[in-house]
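Protein chains: 2
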Amino acid sequence: MIQTNLDLLQLINDILPAAGGAITIRQFDAGQRFIFQEQEILQIYIIRSGVVKPLITEENGKEYILEFLGEGEMLGEVEAIRGTKTVCSVDAVTPVSLYAMGVGQFHYFLQTVPAFNTLVLRLLATRVANSSVKMARQQLYTMAELLPRLQKMLAAQQIAFTKQDLAGYMGISVRSLNRLLKGDG
Amino acid sequence: MIQTNLDLLQLINDILPAAGGAITIRQFDAGQRFIFQEQEILQIYIIRSGVVKPLITEENGKEYILEFLGEGEMLGEVEAIRGTKTVCSVDAVTPVSLYAMGVGQFHYFLQTVPAFNTLVLRLLATRVANSSVKMARQQLYTMAELLPRLQKMLAAQQIAFTKQDLAGYMGISVRSLNRLLKGDG
DNA sequence: TGTAAATTGGGACAAATGTCCCGCGATTAA
DNA sequence: TTAATCGCGGGACATTTGTCCCAATTTACA
Numbered sequence: 001m002i003q004t005n006l007d008l009l010q011l012i013n014d015i016l017p018a019a020g021g022a023i024t025i026r027q028f029d030a031g032q033r034f035i036f037q038e039q040e041i042l043q044i045y046i047i048r049s050g051v052v053k054p055l056i057t058e059e060n061g062k063e064y065i066l067e068f069l070g071e072g073e074m075l076g077e078v079e080a081i082r083g084t085k086t087v088c089s090v091d092a093v094t095p096v097s098l099y100a101m102g103v104g105q106f107h108y109f110l111q112t113v114p115a116f117n118t119l120v121l122r123l124l125a126t127r128v129a130n131s132s133v134k135m136a137r138q139q140l141y142t143m144a145e146l147l148p149r150l151q152k153m154l155a156a157q158q159i160a161f162t163k164q165d166l167a168g169y170m171g172i173s174v175r176s177l178n179r180l181l182k183g184d185g
Numbered sequence: 001m002i003q004t005n006l007d008l009l010q011l012i013n014d015i016l017p018a019a020g021g022a023i024t025i026r027q028f029d030a031g032q033r034f035i036f037q038e039q040e041i042l043q044i045y046i047i048r049s050g051v052v053k054p055l056i057t058e059e060n061g062k063e064y065i066l067e068f069l070g071e072g073e074m075l076g077e078v079e080a081i082r083g084t085k086t087v088c089s090v091d092a093v094t095p096v097s098l099y100a101m102g103v104g105q106f107h108y109f110l111q112t113v114p115a116f117n118t119l120v121l122r123l124l125a126t127r128v129a130n131s132s133v134k135m136a137r138q139q140l141y142t143m144a145e146l147l148p149r150l151q152k153m154l155a156a157q158q159i160a161f162t163k164q165d166l167a168g169y170m171g172i173s174v175r176s177l178n179r180l181l182k183g184d185g
């Protein structure tokens with residue numbers, strides 16, 4: 001449910017001493033938005049601690065939470081690789097501490113650090129796989145069927161999500177989520 | 001609507017002479033399934049011509065079509081990179097001709113051909129971006145709102161989709177699609 | 001500490017989508 | 001040629017989800 005990538009976090013820690021000032025640290029408060037949809041990205045982030053939620057806001061004002069990302073996950077790499085504006089905004093769910101590097105630096109690492117290249121490939125491939133499965137499930141099952149699974153996963157995690165977030169992740173309204181929660185248990 | 005990657009197709013054509021027998025060609029008939037969900041992949045494919053549909057079959061028997069892929073698109077790379085079984089099946093929509101390479105060869109290209117590495121990164125990043133947007137839209141709009149957009153895109157393409165495929169792509173039943181098609185025009 | 005804002009819970013009704021079923025015409029296979 | 005299958009269209013009804021609204025509770029903060 002909360003995706004992490006400890007291998008990548010480890011690698012960054014290993015690279016850090018040699019990278020000198022190329023990698024900096026940034027912090028954000030819970031609830032703070034630090035990547036904004038449809039804008040140019042300035043930096044690529046790797047989550048050092050905390051949890052964030054990438055979310056898409058559609059023209060009708062509704063929001064969809066793509067996933068929840070924790071330690072070692074990357075932000076902005078899709079845009080850096082494609083050279084496009086951001087697809088989604090990213091909000092801190094908890095206070096977060098991030099490693100930050102410039103776009104040039106990111107490409108440099110991709111080209112010169114094979115281990116980094118491999119981990120980014122793997123991270124992207126995992127994103128594709130995960131989102132494919134999530135997508136299919138959300139379309140092919142009713143939320144009443146999916147909710148119990150999510151609840152199990154949530155029980156296994158530490159963080160208590162707000163109803164808003166859970167509904168946003170499921171792509172339904174809070175009202176519907178409440179109805180489902182009442183319906184079973 | 002039908003994703004393509006002509007840069008990759010071009011690159012493969014360039015590599016081909018030097019690669020000798022490492023890259024072979026395979027063909028499949030329209031409607032034929034050539035990648036099966038939950039199995040080990042043996043080869044990575046690049047579409048030389050034709051259109052295919054990756055689809056996920058859920059335990060309740062329903063199917064969801066992730067996307068439609070045409071010339072230059074890759075198949076099996078996610079599994080090769082992650083070392084996992086397939087997430088989805090792939091059916092030929094039209095007759096297809098595919099370049100095929102082994103998993104080892106694929107990794108070798110990734111490591112030794114920078115242009116190949118870059119294009120695979122870009123392909124994966126594009127998949128992530130596209131599926132994120134598709135996912136959000138499907139959850140945040142009604143199908144009545146999305147259908148017109150799809151129809152425009154379809155009109156721009158050559159291939160006429162079956163209602164089954166269109167419904168599968170939208171994640172709704174054929175019955176619902178028919179209702180929508182009648183409703184407006 | 002007190003007030004405003006956000007979160008939660010839910011009633012009532014409307015809209016969207018699914019399910020089941022039937023029939024028709026075209027394509028496929030025996 | 002005949003039977004079987006498949007794609008298409010749609011009626012009738014059930015289920016799921018959304019929308020709008022209001023109230024109770026909690027949280028944030030001035």
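Heads up: the protein sequence lines correspond to chains A and B, in order. To convert, note that position 100 of the first sequence is 100 in the UniProt record's numbering; the numbers rise steadily by one, no gaps. To convert, note that position 172 of the second sequence is 172 in the UniProt record's numbering; the numbers rise steadily by one, no gaps. Here a beta-carbon is modelled for each residue, glycine too, at the ideal position from N, C-alpha and C.
Review point. Would you say the stretch 106-126 of chain B touches the stretch 61-71 of chain A, given that touching needs at least three Cβ pairs under 8 Å?
Key: Cβ pair count under 8 Å is below three, so no.
Check your understanding: Does the beta-carbon distance from A:Arg48 to A:Ser97 come in below 8 Å?
Key -> yes
Check your understanding: Buried or exposed: A:Ile25, going by 16 or more other Cβ atoms within 10 Å of its Cβ?
Key -> exposed
Point to revise | Residue burial classification, A:Lys53 (beta-carbon count within 10 angstroms, cutoff 16) | key: buried
Exercise for review: Taking only heavy atoms of the ligand GTP into account, decide whether any of them is closer than 7 Å to the Cβ of A:Ser89.
Suggested key: Ligands in the displayed structure: none, and consequently the ligand GTP is not present.
Point to revise | Beta-carbon contacts of A:Ala115 that lie in its chain and below 8 Å, excluding the five residues immediately before and after | key: Leu11
Check your understanding: Grouping DSSP H, G and I as helix and E and B as strand, with all else coil, what is A:Gln43?
Key -> It is a strand residue.
Review point. Got a sec: is the Cβ-Cβ distance from A:Ser176 to anything in chain B below 8 Å?
Key: Not an interface residue.
Check your understanding: Looking at C-alpha atoms only, which residue of B:Lys182, B:Leu180, B:Pro17 is the closest neighbour of B:Tyr99?
Key -> B:Pro17
Review point. What does A:Ser89 touch in chain B if you count any residue whose Cβ is under 8 Å from its own?
Key: Chain B residues near A:Ser89: none, gap ~12 Å exceeds 8 Å.
Exercise for review: Please look up how many angstroms separate the CB atoms of A:Gln39 and A:Thr86, rounded, as I've assumed it's under 8 Å.
Suggested key: 6 Å
Check your understanding: So A:Ala136 is in the alpha helix (DSSP H); what residue range does that whole segment cover?
Key -> 114-140
Review point. Within the chosen definition, does the stretch 138-157 of chain B reach the stretch 153-163 of chain A through at least 3 CB pairs nearer than 8 Å?
Key: no
Check your understanding: Mind pulling the chain A residues with CB within less than 9 Å of B:Ile56?
Key -> Ser132, Val133, Met135, Ala136, Arg137, Leu140
Point to revise | Alpha carbon of B:Asp175 to alpha carbon of B:Ile56, nearest angstrom | key: One point to set straight first is that residue 175 of chain B is Arg, not Asp, in the sequence displayed. Going from the Cα of B:Arg175 to the Cα of B:Ile56 covers about 20 Å.
Check your understanding: Rounded to a whole number of angstroms, what is the C-alpha to C-alpha distance between A:Ser173 and A:Phe28?
Key -> 27 Å
Review point. Taking only beta-carbon atoms, is B:Asn13 less than 8 Å away from chain A?
Key: no
Check your understanding: Which chain B residues sit within Cβ distance under 9 Å of A:Leu171?
Key -> In the sequence as presented, Leu is not what sits at residue 171 of chain A; that position holds Gly. What A:Gly171 touches in chain B: Met135, Ala136, Gln138, Gln139, Leu140.
Practice item. Would you check if the distance between the CB atom of B:Gly76 and the CB atom of B:Gln37 is smaller than 8 Å? Key: no
Check your understanding: Counting contacts by CB-CB distance shorter than 8 Å, is B:Arg82 in contact with chain A?
Key -> yes
Practice item. Could you check what DSSP says for A:Gly185 in three-state terms: helix, strand or coil? Key: With a pLDDT of 41 at A:Gly185, under the threshold of 50, the modelled position of this residue cannot be trusted, and the question is left open.
Review point. What in chain B is Cβ-close to A:Thr126, meaning under 7 Å?
Key: Arg82
Exercise for review: Using a Cβ cut-off of 8 Å (strictly closer), state whether B:Gly185 contacts chain A.
Suggested key: Low confidence applies here, because B:Gly185 scores a pLDDT of 41, under 50, leaving its location unreliable and the question unanswered by this model.
**Study point:** Spatial distance of A:Gly61 from B:Ala129 (CA atoms)
**Key:** 20 Å
Review point. Can you give, in chain order, each stretch of the alpha helix (DSSP H) that sits fully within the stretch 8-63 of chain A and has at least 4 residues?
Key: none
Review point. What residues in its chain sit with their C-beta under 7 Å from that of A:Arg137, if we drop five residues either side in the sequence?
Key: Excluding positions up to five away in sequence, the list reads Leu146.
Point to revise | is_contact[B:Asn5, chain A] using C-beta, thresh 8 Å | key: no
Exercise for review: On the DSSP bridge assignment, give the partners of A:Phe109 in chain order.
Suggested key: A:Phe109 is not bridged to any residue.
Exercise for review: Express the C-alpha separation of B:Gln164 and B:Arg122 in angstroms, rounding to a whole number.
Suggested key: 31 Å
Check your understanding: Are there 16 or more other CB atoms within 10 angstroms of the CB of A:Ala125, so buried, or fewer, so exposed?
Key -> A buried status is given to A:Ala125, since no fewer than 16 other beta-carbon atoms sit within 10 Å of its beta-carbon.
**Study point:** 8 Å Cβ cut-off: residues of chain A touching B:Val120
**Key:** Leu121
Practice item. Under 6 Å Cβ to Cβ from A:Ala8, same chain only, skipping five residues before and after it: list those, please. Key: A small fix is needed here, since residue 8 of chain A is Leu in this sequence, not Ala. Excluding positions up to five away in sequence, the list reads Gly72, Leu119.
Check your understanding: Taking 8 Å as the CB-CB cut-off, is A:Ala129 touching chain B?
Key -> yes
Check your understanding: Mind checking whether A:Met1 and B:Ser131 have CB atoms under 8 Å apart?
Key -> Cβ atoms of A:Met1 and B:Ser131: not closer than 8 Å.
Review point. What did DSSP end up calling B:Gln157 once you bin it into helix, strand or coil?
Key: coil
Review point. Which chain B residues sit within Cβ distance under 9 Å of A:Leu66?
Key: Ser132, Met135, Ala136
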